[in-house]
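Shown next, in structure tokens, is the structure this report addresses.
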Amino acid sequence: MPPAVVATAHPEGYTCAVLPRAIQPLDRMNHHLALRWSAPALLGLLLVACESTETNHSGDLGTSAVQFQDIVVPQGLKLVERFAESHSREAAGWRYGHFEYVGQTTIQEACSHLLDRMPQHSWQLVSDKSDDPKMRHIQFKRGAYVVDYRLERNFGETHMVVDYDTKIEGR
1029 MPPAVVATAH PEGYTCAVLP RAIQPLDRMN HHLALRWSAP ALLGLLLVAC ESTETNHSGD
1089 LGTSAVQFQD IVVPQGLKLV ERFAESHSRE AAGWRYGHFE YVGQTTIQEA CSHLLDRMPQ
1149 HSWQLVSDKS DDPKMRHIQF KRGAYVVDYR LERNFGETHM VVDYDTKIEG R
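So the sequence shown is numbered by my numbering: it starts at 1029 and just counts up by one.
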């Protein structure tokens, strides 16, 4: 069996390590065949990687949808976080949030839950309006904070939008 590396002398006076022909890198024909298969394989891996991140549907564009612990969400409603539909910010006593929820609970059940539970978190009812049986708007206040709940029933689902804001008096 020939050695793995063979040293050959060059006319310039230095030696060079050369692989024997039996274990030389791919010859021209095999090299083109490898390129012909590696390009589609690389493209396929790239497409799979793009597909796996796209199907996540996280929509993370640098926004945050951290839900504040002092607001109530009725059972059966789930936060919609894709594509920044829901987002929030909080800094030094200032809060802002826009949260969208979808679920199967009825408007009446959701509103009964809100009217029962929000006062347990020290929220005071400011208004409760219903111009249409498929829609309802409830507003609560606590100190400088205001929360608006807008509920609507469409296509067999309840959509609830919660807007949380800080109202600064005197400005």
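Yeah, the Cβ is synthetic: ideal placement off N, Cα and C, and Gly gets one too.
Asked: Since M1163 sits in a beta bridge, which residues does DSSP pair it with?; Found: D1160 and E1180
Asked: Can you tell me where the beta strand (DSSP E) holding R1123 begins and where it ends?; Found: W1122 to G1131
Asked: On the three-state DSSP scale, how would you describe D1144?; Found: helix
Asked: So who's on the other strand from A1119, going by DSSP bridges?; Found: W1122
Asked: Is the beta carbon of L1143 less than 8 Å from the beta carbon of Y1129?; Found: no
Asked: Tell me the rounded alpha-carbon separation between C1103 and I1166.; Found: The question names Cys, but residue 1103 is Gln in the sequence shown. Straight-line Cα distance between these residues: approximately 17 Å.
Asked: If you drop the 5 nearest sequence neighbours on each side, which residues of the same chain put their C-beta closer than 6 Å to that of E1113?; Found: E1128
Asked: Please look up how many angstroms separate the CB atoms of L1179 and R1164, rounded, as I've assumed it's under 8 Å.; Found: 5 Å
Asked: Less than 8 Å between the CB atoms is what I'm expecting for I1099 and V1190, so what's the real figure, rounded?; Found: 6 Å
Asked: Give me the residue from R1117, Q1132 and F1183 with the minimum Cα distance to L1105.; Found: Q1132
Asked: Determine the closest residue to N1182 out of I1135, D1159, D1156 and Q1148, with distance taken between C-alpha atoms.; Found: I1135
Asked: Mark G1121 as exposed unless 16 or more other C-beta atoms lie within 10 angstroms of its C-beta, in which case mark it buried.; Found: exposed
Asked: Taking the beta strand (DSSP E) that D1193 belongs to, which residues open and close that run?; Found: E1185 to T1194
Asked: Does the Cβ-Cβ distance between Y1124 and T1186 come in under 8 Å?; Found: no
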